[in-house]
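Scroll down for the structure; my scribbles are underneath it.
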Amino acid sequence: MEDDDLALWVASSNGFVKRSLLAEYPRKGRATGGVATMQLAPRTSLVGAALLGAGEDTLLVAQSGRTARVTADDLPLVARDRKGVIGLKLEGSDTLARLVVLPS
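If you read the sequence shown in this note's numbering, its first letter stands for residue 1, the second for the next number, and so on.
Next comes the structure, spelled out in structure tokens:
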């Protein structure tokens with residue numbers, strides 16, 4: 001599979017998820033400061049990231065056990081440094097625990 005066909009999916013602890021084409025990420029050497037991939041709110045962390053092709057899906061899993069299946073058709077492509085969209089609506093103090101890649 002070519003890099004142009006792959007997208008980086010990332011999910012944050014507040015339930016946001018996004019996907020960006022891998023081609024948007026410039027190749028950098030080891031001595032650089034890195035490249036931003038998601039705008040995170042204060043006290044929010046990145047809980048998962050995966051490189052996926054067009055036909056692959058993910059499952060978002062909350063601490064409470066709630067889940068949501070997210071497909072590429074449901075999730076628009078966005079710029080690499082954006083916040084993303086709500087992938088799983090969380091209640092109270094619940095947080096997103098993991099991003100799971102589903103077998104195709």
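Just so it is clear, CB atoms sit at the ideal spot from N, CA and C, and this is done for glycine as well.
Fair warning: this is a prediction, and the values are worked out from it, not measured in the lab.
- For secondary structure counted as the beta strand (DSSP E) over 3 or more consecutive residues, the segment 5 to 73 holds these complete runs in sequence order: 7 to 12, 16 to 21, 46 to 52, 58 to 62 and 67 to 70.
- In the same chain as T71, and ignoring 5 residues on each side of it, the C-beta atoms closer than 7 Å to its own belong to D57, in chain order.
- From the listed residues L60, P76, G15 and S20, the smallest Cα separation to R43 is found for G15.
- CA-CA distance, L77 to G55, rounds to 14 Å.
- Counting only residues of its own chain and dropping the five nearest sequence neighbours on each side, A79 has a CB closer than 8 Å to the CB of S20 and E24.
- A50 and G87 have their C-alpha atoms some 15 Å from each other.
- A residue is called buried once 16 or more other Cβ atoms fall within 10 Å of its Cβ, and K89, having fewer, is exposed.
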